[in-house]
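Q:
2 protein chains.
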Amino acid sequence: MSEYRLPHEEIRFVLEELIGLKEVAKLPGLTSVTIEDASAILDQAGRFASETLAPLNQIGDHEGAALENGIVRTASGFAEAYKAYSEAGWCASAGDPSYGGQGLPRLINTALFDVWNAANLAFALCNTLTDSATALLSQHGTDEQRNLYLTRLLSGEWTGAMAMTEPQAGSDVGALSCSAQPDGDTYRVKGQKIFISWGDHDLTNNIVYLVLARLPDAPSGSKGISLFVVPKFVPDKNGNPSARNDVACIALENKLGIHASPTCIMEFGANEGALGWLIGGPHRGLAAMFTMMNSARLAIGHEGLGIAERAYQQAKTYAAERLQGHDRDGKPLAIINFPDVRRMLLSMKARLEAMRALCYDAALSVDFAAHHPEEATRVLHDDRVALLTPIVKAWCTDGAVEVTSTNIQIHGGAGYIEETGAAQLFRDARITPIYEGTNGIQALDLVRRKLGSDDGLAMNALIEEMRQFDGALSTSDDGAIAAIRGRFAEARAALARTTHQLLNDLRNDPDRAEAAATPYLELAGTVLGGYYMARSALIAKENISMKTGNTKFYQAKLATALFYAESILPKSTALARAATGGADTVSYMAPEDF
Amino acid sequence: MSEYRLPHEEIRFVLEELIGLKEVAKLPGLTSVTIEDASAILDQAGRFASETLAPLNQIGDHEGAALENGIVRTASGFAEAYKAYSEAGWCASAGDPSYGGQGLPRLINTALFDVWNAANLAFALCNTLTDSATALLSQHGTDEQRNLYLTRLLSGEWTGAMAMTEPQAGSDVGALSCSAQPDGDTYRVKGQKIFISWGDHDLTNNIVYLVLARLPDAPSGSKGISLFVVPKFVPDKNGNPSARNDVACIALENKLGIHASPTCIMEFGANEGALGWLIGGPHRGLAAMFTMMNSARLAIGHEGLGIAERAYQQAKTYAAERLQGHDRDGKPLAIINFPDVRRMLLSMKARLEAMRALCYDAALSVDFAAHHPEEATRVLHDDRVALLTPIVKAWCTDGAVEVTSTNIQIHGGAGYIEETGAAQLFRDARITPIYEGTNGIQALDLVRRKLGSDDGLAMNALIEEMRQFDGALSTSDDGAIAAIRGRFAEARAALARTTHQLLNDLRNDPDRAEAAATPYLELAGTVLGGYYMARSALIAKENISMKTGNTKFYQAKLATALFYAESILPKSTALARAATGGADTVSYMAPEDF
Chain A
0 MSEYRLPHEE
10 IRFVLEELIG
20 LKEVAKLPGL
30 TSVTIEDASA
40 ILDQAGRFAS
50 ETLAPLNQIG
60 DHEGAALENG
70 IVRTASGFAE
80 AYKAYSEAGW
90 CASAGDPSYG
100 GQGLPRLINT
110 ALFDVWNAAN
120 LAFALCNTLT
130 DSATALLSQH
140 GTDEQRNLYL
150 TRLLSGEWTG
160 AMAMTEPQAG
170 SDVGALSCSA
180 QPDGDTYRVK
190 GQKIFISWGD
200 HDLTNNIVYL
210 VLARLPDAPS
220 GSKGISLFVV
230 PKFVPDKNGN
240 PSARNDVACI
250 ALENKLGIHA
260 SPTCIMEFGA
270 NEGALGWLIG
280 GPHRGLAAMF
290 TMMNSARLAI
300 GHEGLGIAER
310 AYQQAKTYAA
320 ERLQGHDRDG
330 KPLAIINFPD
340 VRRMLLSMKA
350 RLEAMRALCY
360 DAALSVDFAA
370 HHPEEATRVL
380 HDDRVALLTP
390 IVKAWCTDGA
400 VEVTSTNIQI
410 HGGAGYIEET
420 GAAQLFRDAR
430 ITPIYEGTNG
440 IQALDLVRRK
450 LGSDDGLAMN
460 ALIEEMRQFD
470 GALSTSDDGA
480 IAAIRGRFAE
490 ARAALARTTH
500 QLLNDLRNDP
510 DRAEAAATPY
520 LELAGTVLGG
530 YYMARSALIA
540 KENISMKTGN
550 TKFYQAKLAT
560 ALFYAESILP
570 KSTALARAAT
580 GGADTVSYMA
590 PEDF
Chain B
0 MSEYRLPHEE
10 IRFVLEELIG
20 LKEVAKLPGL
30 TSVTIEDASA
40 ILDQAGRFAS
50 ETLAPLNQIG
60 DHEGAALENG
70 IVRTASGFAE
80 AYKAYSEAGW
90 CASAGDPSYG
100 GQGLPRLINT
110 ALFDVWNAAN
120 LAFALCNTLT
130 DSATALLSQH
140 GTDEQRNLYL
150 TRLLSGEWTG
160 AMAMTEPQAG
170 SDVGALSCSA
180 QPDGDTYRVK
190 GQKIFISWGD
200 HDLTNNIVYL
210 VLARLPDAPS
220 GSKGISLFVV
230 PKFVPDKNGN
240 PSARNDVACI
250 ALENKLGIHA
260 SPTCIMEFGA
270 NEGALGWLIG
280 GPHRGLAAMF
290 TMMNSARLAI
300 GHEGLGIAER
310 AYQQAKTYAA
320 ERLQGHDRDG
330 KPLAIINFPD
340 VRRMLLSMKA
350 RLEAMRALCY
360 DAALSVDFAA
370 HHPEEATRVL
380 HDDRVALLTP
390 IVKAWCTDGA
400 VEVTSTNIQI
410 HGGAGYIEET
420 GAAQLFRDAR
430 ITPIYEGTNG
440 IQALDLVRRK
450 LGSDDGLAMN
460 ALIEEMRQFD
470 GALSTSDDGA
480 IAAIRGRFAE
490 ARAALARTTH
500 QLLNDLRNDP
510 DRAEAAATPY
520 LELAGTVLGG
530 YYMARSALIA
540 KENISMKTGN
550 TKFYQAKLAT
560 ALFYAESILP
570 KSTALARAAT
580 GGADTVSYMA
590 PEDF
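Chain order of the listed sequences is A and B.
Under numbering that gives the first Met the number 0, the final residue of the first sequence carries the number 593; numbering is consecutive throughout.
Under numbering that gives the first Met the number 0, the final residue of the second sequence carries the number 593; numbering is consecutive throughout.
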């Protein structure tokens, strides 16, 4: 397995020049972070990632997790790494300072997870889930619940896990049948949950489950779901883990990847019922869980980003080292000299950079939505986050599968051998388009909930913002910028007209809109990616002209943006066609015709 | 793991109505096969595949192959299955009748491998390699070599393996350093070979290696390579395996997939040198090996086809059984009812059917090139095979990765669990874009060797054939056919203008042509697929109008062709752009800029 190296200059560029850490640093209620602070934090994280987390990645894949006599054992080194991670305060980075958090902006936390996910996806997933649990408890927990749980989740003493899925209730959450019986002030939760990531482990002495279940008087479907916090060990008066709760991991799944992350089948209440506490009122569980899910969906997009970064690093290292063939003077050539290999690397780099910009920009909107002093700005960014969340999740995870696959391809036969580690990245990446709502569900969310709920207002605002950016592009007399401008205009127009068509379909033919959802989401991701790359190109061009900063870096940035415009953006018109004409044809096939 | 079921009606359609088994059946020197014969053969193959091979697929994945005390043990049931396969005469299907073969057309053999690959890719690979070895020995072996080896390869007593790659010589075959010293009439071969599929096993009592090595006086590079046949056990006078040759499997690779296929590191001549016999004259090895490689490259395309068929069958079965959500009356719905799931299934079905047509059409040209009485026709089809080979290999294997990935996606969380078997298909498929020349190498072959060698003559003839087909499409007043016609015309024009551009680049800027090769190959595959789907649509429409055959089948065929035209064909213009504008940008990034 290759090493991991912090892509410091790239992250700095995105934080400082492209997205705007400065604006975020001014927000009240967040710890103010200058670009120098961010740089120091990233250096620290990069060191920890390279030295501690990355070397465990392949070990975790080989050993996996094991269920032995009811106890889930994680792979060698994971418990020690988790201890070091929590002791260094990384669990607290984005948390509320009132409960021991560091109050860093989401933007910085996104950069941190860019690093953690790249270094060791299976390890980072545990912290992603804890982060999402903290987001939920911060917003929906009582003071008492926050005092008890938040402090310990942020210190890293305990971890969080989401218990939603049941065998019959996957994408259709409303079908779940887990039950909760009132028992004094508490509840007794019973039922089986599957696909619980980090549902049990030996990293900490307690685990906090957020469990969806039905109260006895619950209406059927998704309107009858309540949310409970169920600790693995019930805390005593001092908050120390005490009596073992009636919850157990009864099996681990044997998965394609992320072997080091135990995916548990959890049995709640096999005996007297697992003690649970209601969060956010009866039958209000799904709304509360959505807080967690939205945070988690962005986080899964960040997983896609991280693993794509790791794959890109491995591919370029291999391509620069692997010798095949000779130049005209008989000197051995590294394969990076071959145009087709460079094309592959550029396709990875271009997609990766667009994904990073998208993830960080959505994070900036999370910060603005939560902390901006003006309500209008908060609302605007809240809508933007809602719109971008399914795109971040789906486009960055589909991109991760593509980029990790290209990494294998650059390795040739060696890529297919497990020892190399390229195969692991590909296997690990393949979960990301599935969990926290499949990418198909994300696309339906984008079309039905996001376009549908505001009649396209947020999307059309974004398209208008992109249209106005054309003015900035038009001022440049650079040939590359002009080429980017042309391709971007075509792609943006394809998004605009497809959005218009889908808004019509939502009113008149919702099935057609649903059949169009996936190509539409890919279209939106592709065009947005083009927007960030065009902005990057303009900034790069300015730095090159002014001779500020590292010219080589900006030249590569400009070349990558041009590649994106010429090789990736043209897909937009094809996707627009698939989302309109192609969607029609779906209805011509009845289920029995396949 | 799901079952395998012969897609009988689909294969019949392609053989009989789309590609033209009747024309092949008239060729001299081939066993004449009517559509009824073909149907009976396929039924038999389908039964054997379903009952014997498919059930071993997951067992093979779990157990893999093992090297124990110098002996390679295959997974449970594989030796018995191989015995049954060879006893049923399947090893002989395409072989020369003078040596015990059945002389069936390649077209029929392609249909058979459609079945074998779908049922059990790792198992079928062994026979694919033997098939390629027979092709080589038929063409380049002496009478004596054919009598000794061909008969036993066709009976299935022995298997064949290709020993080309060395650690430093992958895509650059010319870098190989394995040596061969003359020793009387024979040679002593020494050196290490890697990535030898089915390089050793316990299925048969002998294995025939075709080994590339250098004679002492060999010029450097690819012009100094000779080919040797090296048996694992040297045959005695009666052709029975006798003394153990100096060749050994020293390690097996731990791979992402096709676990049941032992991928061997082979040591030739660790002691006295492995006894080998020259094939096809000194320093003429690469030309001879290309016979095998071309046959093998088509065969790897067929692997892509087979595994995509298996994934499609699994996906549609799961989608029809998995319940999520309800209709308006509260009745549980199978997920196949959701438009996004049907879109995914259609995308698999459309790509799969286009891949099948391409594979079978290339096979028809192989038969025509070898057996047509008129030389002009033979030459025309020989050129067609040369042109189509890299497209069959790369486009059908990239398609296999895509289709098996979509199968996982349709399964959701269950697709990520190994037990389901969807993950295995995805892992198995991932080798196909790599071996027998990576898909990047195929693309370079298409552009440099195929376009370059005849200045685009064969490709332009194909484009002209497609252009003339527009006449047939124009006679239909059907709306779907008209839509297909429009998209196909756009796509064909994109291929025509990109071909023109690449022919220019080959003369003036070969690096630019190389950077364009991969998108160009994908463009060619996409447009060709559109051609076959358009032809299928016209045939289907005629059957529907005339009320001949199974109308439901033809309606589905028409709907699938329309989906292809609306959702897949529009990629062509984007690929054309990537192959022209995008290729330019590759040169802007120097190796050190990544």
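C-beta atoms are modelled at their ideal positions from N, C-alpha and C, and glycine is treated no differently.
Just how far apart, CA to CA, sit A/S92 and A/V340?
A: On the first sequence, position 93 is the one that residue 92 of chain A refers to. On the first sequence, position 341 is the one that residue 340 of chain A refers to. For A/S92 and A/V340, the distance between alpha carbons rounds to 39 Å.
Q: What does the alpha-carbon distance come out to for the pair B/Y581 and B/E418?
A: Translated into the one-based positions of the second sequence, residue 581 of chain B becomes position 582. Translated into the one-based positions of the second sequence, residue 418 of chain B becomes position 419. The sequence given here has Gly at residue 581 of chain B, not Tyr. Those two C-alpha atoms are separated by around 42 Å.
Q: Count the other CB atoms, across all protein chains shown, that sit within 10 Å of the CB of A/E373; report buried if there are 16 or more and exposed otherwise.
A: Walking along the first sequence from the start, residue 373 of chain A turns up at place 374. Around the beta-carbon of A/E373, fewer than 16 other beta-carbon atoms lie within 10 Å, marking it exposed.
Q: In chain A, what lies closer than 8 Å to B/D510 by C-beta?
A: The sequence position of residue 510 of chain B within the second sequence is 511, counting from 1. Neighbours of B/D510 on chain A, chain order: P338.
Q: From what residue to what residue does the beta strand (DSSP E) around A/T624 run?
A: Nothing in the structure corresponds to residue 624 of chain A, since chain A is present only between 0 and 593.
Q: Rounded to a whole number of angstroms, what is the C-alpha to C-alpha distance between A/F593 and B/A118?
A: As a first step, residue 593 of chain A is located in the first sequence; it is residue number 594 there, counting from the start. As a first step, residue 118 of chain B is located in the second sequence; it is residue number 119 there, counting from the start. Cα to Cα, the separation comes out at about 19 Å.
Q: Just curious, the beta strand (DSSP E) that B/M163 is in, first and last residue?
A: Against the second sequence, residue 163 of chain B aligns to sequence position 164. Per DSSP, B/M163 belongs to no beta strand (DSSP E) and is neither H nor E.
Q: Out of A/A488, A/T517, A/L285, state which residue places its alpha-carbon closest to the alpha-carbon of A/R447.
A: In the first sequence, the residue the question calls residue 447 of chain A occupies position 448. Here the closest residue by C-alpha is A/T517.
Q: When the Cβ atoms of the stretch 88–108 of chain B are set against those of the stretch 384–392 of chain B, are three or more pairs found closer than 8 Å?
A: no
Q: Is B/F593 helix, strand or coil by DSSP?
A: Residue numbering aside, residue 593 of chain B sits at position 594 when the second sequence is read from its first letter. In this structure, B/F593 counts as coil in the three-state DSSP scheme.
Q: Could you check whether A/R213 and A/G170 sit closer than 9 Å to each other, using their CB atoms as the reference points?
A: For the purposes of this step, residue 170 of chain A is taken as residue 171 along the first sequence, with counting starting at 1. For the purposes of this step, residue 213 of chain A is taken as residue 214 along the first sequence, with counting starting at 1. Looking at the sequence itself, residue 170 of chain A is Ser, so the reference to Gly does not match. Going by C-beta atoms, A/S170 is not nearer than 9 Å to A/R213.
Q: Could you give the C-beta distance for A/T388 and A/R296, rounded to a whole number, given that I count them as a contact under 8 Å?
A: Within the first sequence, the letter at position 389 stands for residue 388 of chain A. Within the first sequence, the letter at position 297 stands for residue 296 of chain A. Sure, about 5 Å apart at Cβ, within 8 Å.
Q: Just to confirm the assignment, what range does the alpha helix (DSSP H) spanning B/R383 have?
A: In the second sequence, counting from the first residue as 1, residue 383 of chain B sits at position 384. Segment 374–410, the alpha helix (DSSP H) holding B/R383.
Q: Can you tell me where the alpha helix (DSSP H) with B/V114 in it begins and where it stops?
A: Within the second sequence, numbered from 1, the residue matching residue 114 of chain B stands at position 115. It spans 105–118 - the alpha helix (DSSP H) in which B/V114 sits, taken as one unbroken run.
Q: Around the C-beta of A/A39, are 16 or more other C-beta atoms found within 10 angstroms, so that it is buried, or is it exposed?
A: The residue given as residue 39 of chain A occupies position 40 in the first sequence. That one is exposed.
Q: Output, in chain order, the set of chain A residues within a Cβ distance shorter than 9 Å of B/G324.
A: The residue you call residue 324 of chain B lines up with position 325 of the second sequence. Result: S170, D171, G173, A174.
Q: Just to make sure I have the definition right: I need the residues of chain B whose C-beta is within less than 8 Å of the C-beta of A/T584. Which are they?
A: Position 585 of the first sequence holds residue 584 of chain A. Here the neighbours are L345, A558, L561, F562, E565, S566.
Q: Under 7 Å between beta-carbons, which chain B residues line up against A/K348? List them in chain order, please.
A: Taking the first residue of the first sequence as position 1, residue 348 of chain A is located at position 349. Those within 7 Å of A/K348 in chain B are F593.
Q: Run down chain A in chain order and give the residues with a C-beta less than 8 Å from the C-beta of B/K540.
A: For this step, residue 540 of chain B is matched to residue 541 along the second sequence. Listed by position along chain A, the residues whose Cβ is nearer than 8 Å to that of B/K540 form an empty set, because the closest Cβ is around 13 Å away.
Q: Pick from B/A369, B/L277, B/N126, B/A523: whose alpha carbon is nearest that of B/A442?
A: Residue numbering aside, residue 442 of chain B sits at position 443 when the second sequence is read from its first letter. Closest option to B/A442, Cα to Cα, is B/A523.
Q: To which residues does DSSP link B/L251 through a beta bridge?
A: Locating residue 251 of chain B in the second sequence gives position 252, counting from the first residue. In the DSSP output, where bridge partners are listed per residue, B/L251 has B/C263.
Q: Ignoring anything shorter than 4 residues or poking outside the stretch 439–486 of chain B, list the alpha helix (DSSP H) runs there in chain order.
A: 456–473
Q: What is the rounded straight-line gap between the Cα of A/G138 and the Cα of B/E67?
A: In the first sequence, the residue the question calls residue 138 of chain A occupies position 139. In the second sequence, the residue the question calls residue 67 of chain B occupies position 68. The sequence shown places Gln at residue 138 of chain A, rather than the Gly named in the question. A/Q138 and B/E67 have their C-alpha atoms spaced approximately 59 Å apart.
Q: What does the alpha-carbon distance come out to for the pair B/A514 and A/K540?
A: Locating residue 514 of chain B in the second sequence gives position 515, counting from the first residue. Locating residue 540 of chain A in the first sequence gives position 541, counting from the first residue. Taking the straight line joining both Cα atoms gives about 25 Å.
Q: I'd like to confirm the pairing. Which residues does DSSP put opposite B/Y208 in its beta bridges?
A: Here residue 208 of chain B is taken as the residue at index 209 of the second sequence, counted from 1. DSSP output for B/Y208 lists B/A160, B/V229 as bridge partner(s).
Q: Identify every residue that forms a DSSP beta bridge with B/S178.
A: To locate residue 178 of chain B, count along the second sequence from 1; it is residue 179. The partner list for B/S178 (beta bridge, DSSP) reads B/K189, B/R213.
Q: May I ask you to list the residues that DSSP assigns as paired with A/R506?
A: Here residue 506 of chain A refers to the residue found at position 507 when the first sequence is read from its first residue. According to DSSP, which records beta bridges pairwise, A/R506 is partnered with nothing at all.
Q: Closest by CA to B/A533, which one among B/S586, B/L209, B/S473?
A: In the second sequence, counting from the first residue as 1, residue 533 of chain B sits at position 534. Nearest option by C-alpha distance: B/S473.
Q: Check this for me: beta carbons of A/M588 and B/T559, under 9 Å apart or not?
A: Taking the first residue of the first sequence as position 1, residue 588 of chain A is located at position 589. Taking the first residue of the second sequence as position 1, residue 559 of chain B is located at position 560. Contact flag set, yes.
Q: When DSSP builds the beta bridges, which residues end up paired with A/E67?
A: Counting from 1 along the first sequence, the entry for residue 67 of chain A is found at position 68. DSSP lists A/I70 as partners of A/E67.
Q: Which of helix, strand or coil does DSSP assign to B/A242?
A: Position 243 of the second sequence, counted from the first residue, corresponds to residue 242 of chain B. Strand, per DSSP.
Q: Kindly list, in the order they appear in chain B, the residues whose Cβ is closer than 8 Å to that of A/S404.
A: Position 405 of the first sequence, counted from the start, is the residue given in the question as residue 404 of chain A. Ordered by position in chain B, the residues that pass the 8 Å Cβ test against A/S404 are V400, R429.
Q: Starting from B/H61, follow the alpha helix (DSSP H) in both directions and report where the run begins and ends.
A: Sequence index remark: in the second sequence, residue 61 of chain B carries index 62 (1-based). B/H61 -> alpha helix (DSSP H) spans 53–62.
Q: In the stretch 424–454 of chain A, which residues sit with their C-beta less than 8 Å from some C-beta in chain B, listed in chain order?
A: F425, R426, R429, I430, P432, I433, Y434, T437, N438, G439, A442, L443
Q: Could you check whether the stretch 1–21 of chain A touches the stretch 30–49 of chain A, counting it as contact only if at least three pairs of C-beta atoms, one from each stretch, sit closer than 8 Å?
A: yes
Q: Got a sec: which bits of the stretch 255–281 of chain A sit with their beta carbon under 7 Å from any beta carbon on chain B, in order along the chain?
A: L255
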